[in-house]
Structure formats: C-alpha cells, structure tokens
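Written below as structure tokens is the structure these notes are about.
Protein chains: 2
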Amino acid sequence: MAHGIEDVARVAGVSTATVSRALRGLPNVAPATRDHVREVASRLGYSASPSAASLASGRTRTIGVLSPWISHWFFANVIEGAERALRASDFDALLHTFELFRGGPRRRVDPVVLRRRVDGILVVGLPLAADEVADLSGLDVPIVFVGSGPPGQILVRLDDRLAARTATEHLIELGHRRIAHVTGDPGDVLPWSPAEERLVGWRSAMTEAGLPVPDELEVHGYFDVPGARETATRLLTQHPDITAVFAASDEMAMGVVLAAADLGLRVPQDVSVIGIDGHDLGDLIGLTTVAQDAAEQGVRAATMLLDLVAGGVVPQVTTFPTRLVIRRTTGAVPVR
Amino acid sequence: MAHGIEDVARVAGVSTATVSRALRGLPNVAPATRDHVREVASRLGYSASPSAASLASGRTRTIGVLSPWISHWFFANVIEGAERALRASDFDALLHTFELFRGGPRRRVDPVVLRRRVDGILVVGLPLAADEVADLSGLDVPIVFVGSGPPGQILVRLDDRLAARTATEHLIELGHRRIAHVTGDPGDVLPWSPAEERLVGWRSAMTEAGLPVPDELEVHGYFDVPGARETATRLLTQHPDITAVFAASDEMAMGVVLAAADLGLRVPQDVSVIGIDGHDLGDLIGLTTVAQDAAEQGVRAATMLLDLVAGGVVPQVTTFPTRLVIRRTTGAVPVR
DNA sequence: CTGTTAGCGCTTTCAC
DNA sequence: GTGAAAGCGCTAACAG
C-alpha cells in the first residue's frame, strides 16, 4: 500500500527520474512511457510524498489562508470560494485564524510558522499592521489581500467608500437627516481598512447633502451582532431623534434591528436600517443592504494567487461591484 | 534570513542533533545548552523546515479537516473551534471541502491526497460511505468524526434522536397534531446520519403520542435555507392543515419561516416552527430551537485527535448536551 | 549529555 | 527521451 517512487520505477522498468517527470506531466517524456508510468502508478496506488517533494523542489502546493474568523459571513464565503479554486488546481489550503478581540490586540501574525510551509498567502479581511505586512513579505512568497489590504499590495476588494455612499444616499433620499453609522472596532483605524473607508464614505455623503456629522452619530459595533446590538441600544436610547442607521456590515445591521426591537421601535417606521454585505440571512428580516459577492472574491483571489505562484502577473487592484438591495428595513422618515 | 539548522549549530557551538533536541524540548539536553541554543535560534530567526522535519520524522503536525461546506453555521463553528485547539498545540489545519449537491453524488473523498500529509483527520458532518471510511482508515492515522459518523469510529456528536424528540414533544405539548418534518437530502439515508436519527426521533415521538405519521408530513430541505423554503412552500400549500413544522436544522427552520411569510401565514399563530442548532441569528426571528454548542464540539474533537496522535486513548463516543430554547416561533395550536 | 552518521523520498542537474 | 547521482534540511539511532 505504501509504495514509493522506486517501486513504481522498478515495476514500470524505468528510472525514478522518468517516473517523476511522467507523473508531473513534464516534457521530454515519450507519450508511451508517460502513459505506462501513470498506469503503473495508479495501479500501485502511488502518490508522491508531499514532504519529500517539497523538500526536493522547494514548492509546497499549499496556500496559507489567514483570517480573523471563519464563522462570519464574509470570511466563511471567501474562504469557501478560495478553497474551491485552490483544490481545483490541486493546492491545499492551510488555515490560520487570528481572533480579533474587542479593542484589545490580537495575536501577532507570525511569519515564522509559514516559512517554507506555503507557496503563497491569502489574507482575508485581516487588518494587518505595517510591520506584519513587512514580515510576511519577507517570506518571499506572493500575497493577495481580500477585503482589506494596504496600498501597494495585490488587493481584491470593494470600493468601500462607494458602497458606504450608496447606503447613506439611499437613506438621505428617503428623507433621513439624522443618520447614525455603526462602524467596527475603535482600534481598527488603519486608513485603508474597510471600516475606515466606509466611515469616510458615510461622512462625505452626509456632508455633501449638507447634513452635520456630529460625533455622537458614530458608534462602534465590532463587526458582530452582539456588539452592534449593545451599542445601538445605547445610541437609540440616548438619541431618539435618530431615524436611520447605516451599519458597516449586515451582521451589525442585524444587531441594530435587534436593538430596535428590544426598545420597542418599529423598523422601518421608527428607524430605518441598512447594512453592507448581502448576507444570506438578511432575507429573514428583509434587510436592505449593499450586496457583494464574497465567494467570488475568494475564487478570484485564489486564482490570482496561483497565477502569481506560477510566475504570472495579475492586476494590482481588483474591485468587485456592489448593488443596492432594497427590502423592508428602510423606509420614509417618520413624521413627528 | 533563511538559516538552516547547521547555521544554528555552528553559531551555538554544538551539533545539529543537539539543536534539534533543544528546540523541540526533548530530554537529555543540559538546561544551559537548551537555553543557549534557543537564544541563538531566535536571534537568527530560525525555524525548522516543515518538509524536512516531516520527511525525517514521518510526522507532519498537520490535521486534515474534511467538511462539506464552511459557510454553514455548524461547520463554520466546529472548524473555528477545532482550528483554535490545533493552533494551541502548534498543529496546522489543512482544509478539504467536499461540496454536497442536492440529490447528486459529491466528489469522493480521496484518501490519496491525504497520504503522508496529515497526522490525523477530522471529519466534520460529512456523511461518508462505508468504503470511504475504509479508505481513510487505510491511511493509518487517527480519525475523529464530528456531528456525524459511523458506529465503531471515534465520534463527537449529539444525541440526535433525543434532540428531535425534544423538539417534537415541545410541539405536541403545545397541542399540535399535524407536525411536519423537514429533513435533509433524500440521498442522505445512512442509518447513522444525523438526518436519519432526527427523522427517527420525530417519528417515534409522534407515534408514542398516538399521532399518525403519513408520508406527506416528511419533506426534504437539503439542510439549507433555500431548499427548505421551497419545499415548505409546497408542503404548506398542499397541506394547509399542518400547524407545526420541525426542521432538522435551524437554517432549514429559517427557510420554513420564510416560506410561511411568502404564503402570508403568521408564525406562530398559523404555523409553529422549531429547528435544531442554536444558530446565532435565530434570535433575529425569535426562532425556537434545540441548541447545541458547535464550536465546543470542534475544540473537543481536535483535542481528542491530538491525544490520539500522541498515542493516547479517548472515549469512543462523546455526546454533547442540547437544550430547548423557546422563543417566538412556536405557540399554541390555532383554533379553527 | 552530546556528536556522528545514515537515511527520509523525492526533484533536478548533468550526462548520454 | 532517459538514467545516474547529488542533494533538499532535517530526525533518529547509535556511540561515546
């Protein structure tokens, strides 16, 4: 059962070098030889030892996938798409999560554990500090960022500002003037992070519409349901004149809807809510949102990464489209 | 930057064998030597090449995680928990997804790709055929099944029958008599699969209560929202006398709630709905459910697998508790 | 407690 | 188009 390349070579009556070439589809092997070797290999149930192959070739056929979570809509879908694309090219996905804690620092991304272990790195929505990016770059393998990444790197993402403007403008067109924004973590202030970009998009849409943007309209929801629920409860209690809330993610928008329900506010009659994502379960509450295709971003990013690994070139920034999906959580501003 | 064990050995003034021992914390190394070697290694930024180490030792410090999806609540949470536990022991998680298609066969689990690549395998909610299990066992590494697994294997799971009975009995106590069940895929009929067990639990609870279980009460929801929504739409249209639906997962229960809404039925006034899982977003619609802790099952399974890899022994079956969470989608049977 | 040495199972020149 | 042989960078006996 546990055959090595020598067994195949012996049975096929060729050298191990030829077996290696034949099985990997390299040129300079006679078609007849190739077919014969493959037949023998499959009959013997042979497949090369990944460690031995990696050690000898320096390539691992493995991609490191770095992500803060997997149990969040965006991350799960990106990773699922990426894994599918990688597998289609016979690459493995090595999963590394880095839990983000509210306000606190997360475990540093340690490049050492990825050394000689992966041929490329996919960073999924992880707001890396500049020095972490530098460390990763030091690994000397291609890196693709999905959802969030520093300028100068290969990025697959949305036009976050535009998405935020789209959401905000939708609310403004409905007549809302006191529109709050639920953003992520207070520590997440890298200028290129989606949270920051969405914040900027909201602010500029407000300002252009001649609406003031006082500090109290901006609160932190930590990109999850409970975080947004808590913070929105406080917000809506302290500022009952707020008629609409734009959350930077659908999960946070769901938290806002729950908060409204907790407070006995009707959505959208008393307060309108919009998010960003196009979460599968938004439908449950008729959540209005600016939708994106997360799985496809994962596929694209993985495909690009494989191109890079193969020595190809890919566009620096790939911007995915978004579309406004109007459902039932947004409506006209209440008359009071 | 790319130092090898020889560099460390030379700088530290010892042999490579000593470096290897010191860095891995093996016995028979003088404490002073150990500290010195570690200091030199960290100063040089050295870490062993995983391929070389694997090739020489036969161990990979990697666990293969097999799962049908990652963007489903149960799977995402189990995998997240497992990854966390593995990382805590410096093990890597290699992700392999095997998409399940409605009614159709999925890609066969191919043991060859895992050969000499992993020290253990975690099978998450994947209903493997007997021959696939046999193939995996042939890899000669420990395997732990989470959520669903054949008898005779190491399992971490719920008492699925009990969970189903709990859900069904809750509805019966509320006075319901025509209680439908939304199960998974028609092809998923392995006697030990959670779908099958839950089906049996529902049936026996019905029978014990003296309620008939005609075929039309059992429909397939494919374990996802759209599948259950479609099938429940048909079900509730054709059989308006059904007053309650027990879905084998929360995601399917959500589909049923959506179907009810599509049909203008009020939940729970016209139809009660209950699921199994304790999905984070069940709160959104006040979903009544029989809750389980998926992440913790992932942690436990990974921990057990690491024990097995280390040569330890673990219990054959670990059964996690469930608890009935009554919210707003179940209520008294309507009076007509 | 530490060093020497022989592999681990492939890939990759370099000849032929 | 094919083979011989030299590594790839470690670990694991085995000595000492």
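Residue numbers (the UniProt record's numbering), protein chains in the order written: chain G, 1 to 336; chain H, 1 to 336.
Glycine included, each C-beta is placed from N, C-alpha and C at the ideal position.
Entirely enclosed beta strand (DSSP E) segments - the stretch 284-309 of chain G, minimum 3 residues: Listed in chain order, the complete beta strand (DSSP E) runs (minimum 3 residues) inside the stretch 284-309 of chain G are 288-291.
Supposed contact pair D135 of chain H and P105 of chain H - C-beta distance, whole angstroms, cut 8 angstroms: For the purposes of this step, residue 105 of chain H is taken as the residue at position 105 of the second sequence. For the purposes of this step, residue 135 of chain H is taken as the residue at position 135 of the second sequence. In fact, because the Cβ distance is near 16 angstroms, the residues do not count as touching under 8 angstroms.
Cβ-based burial, R165 of chain H [other Cβ within 10 Å; buried from 16]: The residue given as residue 165 of chain H occupies position 165 in the second sequence. The Cβ neighbour count for R165 of chain H, taken over all protein chains shown within 10 Å, is at least 16; the residue is labelled buried.
Cross-chain neighbours of T97 of chain G in chain H, by beta carbon under 8 angstroms: Here residue 97 of chain G refers to the residue found at position 97 of the first sequence. Chain H residues near T97 of chain G: E80, E83, R84 and R87.
Bounding residues of the alpha helix (DSSP H) (the contiguous stretch that carries G81 of chain H): As a working mapping, residue 81 of chain H is identified with position 81 in the second sequence. First-last of the alpha helix (DSSP H) with G81 of chain H: W73 to A88.
Residues that T183 of chain G bridges to, as DSSP identifies them: As a working mapping, residue 183 of chain G is identified with position 183 in the first sequence. Looking at the DSSP output, T183 of chain G shares a beta bridge with G:H220.
L306 of chain G versus D140 of chain G: straight-line alpha-carbon distance, rounded: For this step, residue 306 of chain G is matched to residue 306 along the first sequence. For this step, residue 140 of chain G is matched to residue 140 along the first sequence. Looking at the two C-alpha atoms, the distance is approximately 15 angstroms.
The stretch 40-60 of chain G in contact with the stretch 245-264 of chain G per 3-pair CB rule at 8 angstroms: Under the three-pair Cβ rule at 8 angstroms, the stretch 40-60 of chain G does not count as touching the stretch 245-264 of chain G.
Whether M252 of chain G touches G221 of chain G by CB criterion (9 angstroms): Stepping through the first sequence from its first residue, residue 252 of chain G is reached at position 252. Stepping through the first sequence from its first residue, residue 221 of chain G is reached at position 221. Yes, the Cβ-Cβ distance between M252 of chain G and G221 of chain G is below 9 angstroms.
Simplified DSSP state of R157 of chain G, which is helix, strand or coil: In the first sequence, the residue the question calls residue 157 of chain G occupies position 157. In this structure, R157 of chain G counts as strand in the three-state DSSP scheme.
Given 8 angstroms, three or more beta-carbon pairs between the stretch 138-156 of chain G and the stretch 166-176 of chain G: The answer is no - the stretch 166-176 of chain G does not touch the stretch 138-156 of chain G, with fewer than three Cβ pairs under 8 angstroms.
For I276 of chain H, three-class secondary structure by DSSP: In the second sequence, counting from the first residue as 1, residue 276 of chain H sits at position 276. Of the three classes helix, strand and coil, the one that applies to I276 of chain H here is strand, per DSSP.
Continuous beta strand (DSSP E) stretch holding T318 of chain G: start and end: Counting from one through the first sequence, the residue named residue 318 of chain G turns up at place 318. That run of the beta strand (DSSP E) goes V317 to F320.
Proximal residues to V11 of chain H (C-beta, below 6 angstroms), its chain only, five neighbours per side dropped: For this step, residue 11 of chain H is matched to residue 11 along the second sequence. Only V40 meet the Cβ criterion.
Chain H contact for I276 of chain G (CB, 9 angstroms cutoff): Position 276 of the first sequence, counted from the start, is the residue given in the question as residue 276 of chain G. Taking Cβ atoms only, chain H never reaches closer than 9 angstroms to I276 of chain G, which makes this a no.
Unbroken alpha helix (DSSP H) run spanning H96 of chain H, endpoints: Counting from 1 along the second sequence, the entry for residue 96 of chain H is found at position 96. Not the alpha helix (DSSP H): H96 of chain H falls in the beta strand (DSSP E), residues D92 to T97.
Test item: CB-CB of G312 of chain H and T289 of chain H under 9 angstroms: In the second sequence, residue 312 of chain H corresponds to position 312, counting from 1. In the second sequence, residue 289 of chain H corresponds to position 289, counting from 1. If you check the CB distance, G312 of chain H and T289 of chain H do not come in under 9 angstroms.
Proximity of A247 of chain G and V271 of chain G at Cβ, strictly below 9 angstroms: As a first step, residue 247 of chain G is located in the first sequence; it is residue number 247 there, counting from the start. As a first step, residue 271 of chain G is located in the first sequence; it is residue number 271 there, counting from the start. No. Outside cutoff.
Alpha-carbon spacing of E80 of chain G relative to Q292 of chain G, whole angstroms: For the purposes of this step, residue 80 of chain G is taken as residue 80 along the first sequence, with counting starting at 1. For the purposes of this step, residue 292 of chain G is taken as residue 292 along the first sequence, with counting starting at 1. Just so you know, the alpha carbons of E80 of chain G and Q292 of chain G end up roughly 15 angstroms apart.
Short CB-CB distance (under 9 angstroms) between I326 of chain H and chain G: Here residue 326 of chain H corresponds to residue number 326 of the second sequence, with the count starting at 1. So, not an interface residue.
Alpha helix (DSSP H) segment containing R229 of chain G, residue limits: One-based indexing of the first sequence puts residue 229 of chain G at position 229. Under the DSSP assignment, R229 of chain G falls in the alpha helix (DSSP H) whose first and last residues are V225 to Q238.
Test item: CB-CB of R115 of chain H and S49 of chain G under 9 angstroms: Your numbering for residue 115 of chain H matches position 115 in the second sequence. Your numbering for residue 49 of chain G matches position 49 in the first sequence. In this structure, the beta-carbon distance from R115 of chain H to S49 of chain G falls below 9 angstroms.
Proximal chain H residues relative to M254 of chain G, where beta-carbon distance stays under 9 angstroms: For the purposes of this step, residue 254 of chain G is identified with residue 254 of the first sequence, where counting begins at 1. Listed along chain H, the residues sitting closer than 9 angstroms to M254 of chain G by beta-carbon distance are L281, D283 and L284.
Through-space distance from G152 of chain G to E99 of chain G, alpha-carbon basis: Position 99 of the first sequence holds residue 99 of chain G. Position 152 of the first sequence holds residue 152 of chain G. For E99 of chain G and G152 of chain G, the distance between alpha carbons rounds to 25 angstroms.
Assigned secondary structure, A244 of chain G (DSSP; H/G/I helix, E/B strand, else coil): The residue given as residue 244 of chain G occupies position 244 in the first sequence. Residue state, collapsed to three classes: strand.
9 angstroms Cβ cutoff, L263 of chain H in contact with chain G: By one-based count along the second sequence, residue 263 of chain H stands at place 263. No - not a single Cβ of chain G is within 9 angstroms of the one on L263 of chain H.
Where V19 of chain G meets chain H, residues with beta-carbon distance less than 9 angstroms: As a first step, residue 19 of chain G must be located in the first sequence, where it is residue number 19. Neighbours of V19 of chain G on chain H: none; closest Cβ ~16 angstroms, over 9 angstroms.
I70 of chain H - DSSP class collapsed to helix/strand/coil: On the second sequence, residue 70 of chain H is found 70 positions in, with the first residue counted as 1. Under the three-state reduction of DSSP output, I70 of chain H falls in the coil class, being neither helix nor strand.
Cβ of I70 of chain H within 9 angstroms of any chain G Cβ: Within the second sequence, residue 70 of chain H is the residue found at index 70, counting from 1. Put simply, the CB of I70 of chain H is near chain G, with a gap under 9 angstroms to one of its CB atoms.
Close beta carbons around A244 of chain H, own chain, < 6 angstroms, minus the five adjacent residues each side: Position 244 of the second sequence, counted from the start, is the residue given in the question as residue 244 of chain H. Apart from sequence neighbours up to five positions away, the residues of its chain that approach A244 of chain H with a beta-carbon distance below 6 angstroms are L171, H176, I179 and S272, ordered along the chain.
Same chain only: Cβ atoms within 7 angstroms of T233 of chain G, ignoring 5 sequence neighbours per side: One-based indexing of the first sequence puts residue 233 of chain G at position 233. Excluding positions up to five away in sequence, the list reads A259, D262 and L263.
Cβ neighbour criterion (16 or more within 10 Å) applied to V189 of chain H: One-based indexing of the second sequence puts residue 189 of chain H at position 189. Burial call: exposed.
Start and end residues, alpha helix (DSSP H) containing I5 of chain G: The residue given as residue 5 of chain G occupies position 5 in the first sequence. First-last of the alpha helix (DSSP H) with I5 of chain G: I5 to A12.
Cutoff 8 angstroms; reference R161 of chain G; Cβ partners in own chain excluding five residues on either side: Along the first sequence, one-based indexing puts residue 161 of chain G at 161. Excluding positions up to five away in sequence, the list reads E197, R198, V200, G201 and S204.
Residue burial classification, Q297 of chain H (beta-carbon count within 10 angstroms, cutoff 16): The count along the second sequence starts at 1 and reaches residue 297 of chain H at position 297. By the 10 Å Cβ count, Q297 of chain H comes out buried.
Below-9 angstroms beta-carbon distance, A52 of chain H vs any chain G residue: Looking up residue 52 of chain H in the second sequence gives position 52. Chain G, which has a Cβ nearer than 9 angstroms to the Cβ of A52 of chain H, makes this yes.
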